[in-house]
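In what follows, a single structure is set out as structure tokens and then discussed.
In the numbering used here, the protein residues as written are 12 to 351.
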């Protein structure tokens, strides 16, 4: 039951009449919804194409046995799969493939082949041994696209980097083929906070209909918060939304930090403990059936906010107040996929 099958901006179809006139939103603010349990082979448009700073996340597992009868040069028991970042989706002629990522499990030493298909001809292949996966393993693979290359991590550890041989701007299609069980495919932007950045930021799994993410939900912060930590909230706005609230509560059940999206007047604001509203100047992203990501970076002097990978300023809060926080609460008209 995938959430998005094409390249149209999420949330622009099947909306109630009251949402027909949506605010214009820059493409950089729109994130493609994750796709859950797609049938392989699976091909989809990458909304907005690939660009520096984009991240594609693949969750799934390697089966114990091959599903088919084996491809060219493969015996029926051989297992391999491929993730292709393509320049188009035509069948004939075959599109160029900027990045061909091909894990192989034919021997006791799994490895990965990367290559580029240009004008119907494969280029010189690159091989990486010691793939930290075996048949039957689950995985979370991140593809992080930079100016000169793509970096790939497997289960939280850097595995390879592959230099671009075709312009990244030409890539607009993702294809997944072979012996692979796909649980989710996510399309994200990298963490915009230099202070909280890592090589592969915020690569946390998507969960579909998890009991721990039922709204309203509460997540304990037994040790409070401290500088350098990043709170990650990802989800989908429901069809007929009313509000969305994210609050941080301390030991006395006070809420020194509250972030609220109001669907009535399409505003986003910080709400003080006394109810005073401080509007955040940004495009309103919380439209029906649109995917969103909220990042809060903890600093010495407060919290920095980013929506869908775009930094939107900060709110002040003393470090002592951060350390006294004990609870993250989320309520409103959203379906949550990740809270970390």
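Every residue gets a Cβ at the ideal spot worked out from N, C-alpha and C, and that includes glycine.
Nearest candidate by alpha-carbon position, reference residue 108, set 73, 146 and 183: 183
Whether residue 347 touches residue 319 by CB criterion (9 Å): no
With 16 other Cβ atoms within 10 Å as the buried cut-off, status of residue 253: exposed
Nearest neighbour of residue 36, chosen from 245, 321, 191 and 143 [CA to CA]: 321
Unbroken alpha helix (DSSP H) run spanning residue 331, endpoints: 330-334
Residue 303, DSSP secondary structure in three states: strand
Cβ-based burial, residue 200 [other Cβ within 10 Å; buried from 16]: buried
Separation of residue 162 from residue 64, as counted between CA atoms: 11 Å
Check whether residue 142 and residue 165 have beta carbons under 9 Å apart: yes
The stretch 88-106 / the stretch 115-132 touching (three or more Cβ pairs under 8 Å): yes
Secondary structure of residue 353, DSSP reduced to three states: Here the chain has residues from 12 to 351 only, and residue 353 is not among them.
Per-residue DSSP class, three states only, for residue 144: coil
Counted within 10 angstroms of its Cβ, other Cβ atoms place residue 261 as buried (16 or more) or exposed: buried
Span of the beta strand (DSSP E) around residue 93: 92-98
Residue 292 and residue 323 closer than 9 Å at C-beta: yes
Test item: CB-CB of residue 258 and residue 340 under 9 Å: yes
Burial state of residue 84 (16 or more Cβ within 10 Å): Confidence in residue 84 is poor, its pLDDT being 47 and thus under 50, which makes the residue's placement unreliable; the coordinate value appears in the next sentence. Exposed: under 16 other Cβ atoms inside 10 Å.
C-alpha distance - residue 236 paired with residue 333, whole-angstrom precision: 5 Å
Per DSSP, the bridge partner or partners of residue 53: 187
Cβ pair residue 310, residue 238 closer than 9 Å: yes
Which residues DSSP lists as bridging residue 228, in chain order: 341
Nonlocal neighbours in the same chain, by C-beta distance under 7 Å from residue 82, ignoring five residues either side: Caution is warranted here: a pLDDT of 44 is assigned to residue 82, below 50, making its placement in the model unreliable, and the coordinate value is therefore given only provisionally. Counting only Cβ-Cβ distances below 7 Å, and skipping sequence neighbours, we find nothing.
Cβ neighbour criterion (16 or more within 10 Å) applied to residue 50: exposed
Within the stretch 110-164, ranges of the beta strand (DSSP E) (whole runs, at least 3 residues): 122-129, 137-139 and 149-156
When 132, 111 and 131 are compared against residue 123, the one with the closest alpha-carbon: 111
Whole-angstrom distance between residue 103 and residue 79, CA atom to CA atom: Only weak support is given to the placement of residue 79: the predicted model assigns it a pLDDT of 48, under 50, and the question is left unresolved by the model.
CB of residue 150 within 9 Å of CB of residue 71, strictly: yes
As assigned by DSSP and simplified to three states, the class of residue 179: helix
Residue 349 - DSSP class collapsed to helix/strand/coil: strand
9 Å Cβ cutoff met for residue 152 and residue 95: no
DSSP beta-bridge partners of residue 103: For residue 103, which the question treats as bridged, DSSP gives no partner whatsoever.
Residue 223 (DSSP reduced to helix, strand or coil): helix
Three-state secondary structure assigned by DSSP to residue 276: coil
Residue 195 vs residue 46 beta-carbon contact at 9 Å: yes
The stretch 261-270 / the stretch 281-288 touching (three or more Cβ pairs under 8 Å): yes
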